[in-house]
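One structure is given here, and the rest of the page talks about it.
In this note's numbering, the protein residues as written are 1 to 123.
Okay, structure coming up:
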């Protein structure tokens with residue numbers, strides 16, 4: 001112990017709390033953060049909202065699909081690698097991501113549209 005007791009506590013009084021080590025304090029912080037995340041996930045689940053990682057995966061998958069369907073690599077190479085003129089329609093990206101969420105993850109269309117718009121910060 002880093003501190004020694006100099007007086008003996010009287011019966012019935014609470015004992016002083018021990019001083020926690022840095023690793024014990026860090027562990028307590030991690031436990032608190034883990035509990036907070038569990039509560040957030042439970043709240044999202046109760047509201048019927050998917051995990052943000054699922055939404056992110058749907059967006060990335062949609063982006064890859066749109067780029068492949070649009071033959072983006074060949075079009076960029078044809079312009080000498082200049083990507084500044086390349087445009088990607090948001091409607092196409094949203095439609096692909098909606099397909100992933102509604103058909104692949106069985107999320108209803110209204111919820112899928114809501115979480116995609118929130119994640120892409122377009123609302």
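Each residue gets a CB set at the ideal place from its N, CA and C atoms; glycine is no exception.
In the DSSP assignment, residue 50 falls outside any alpha helix (DSSP H), carrying neither H nor E. Taking the CA atoms as reference points, residue 9 sits about 7 angstroms from residue 15.
DSSP, read as helix, strand or coil, puts residue 87 in coil.
Counting every other CB atom within 10 Å of its CB across the protein chains shown gives residue 123 a total below 16, marking it as exposed. Residue 71 and residue 64 have their C-alpha atoms roughly 11 angstroms apart. Counting the other Cβ atoms within 10 Å of the Cβ of residue 96 gives 16 or more, which makes it buried. Nearest in C-alpha terms to residue 73, of all of 62, 86, 61, is 86.
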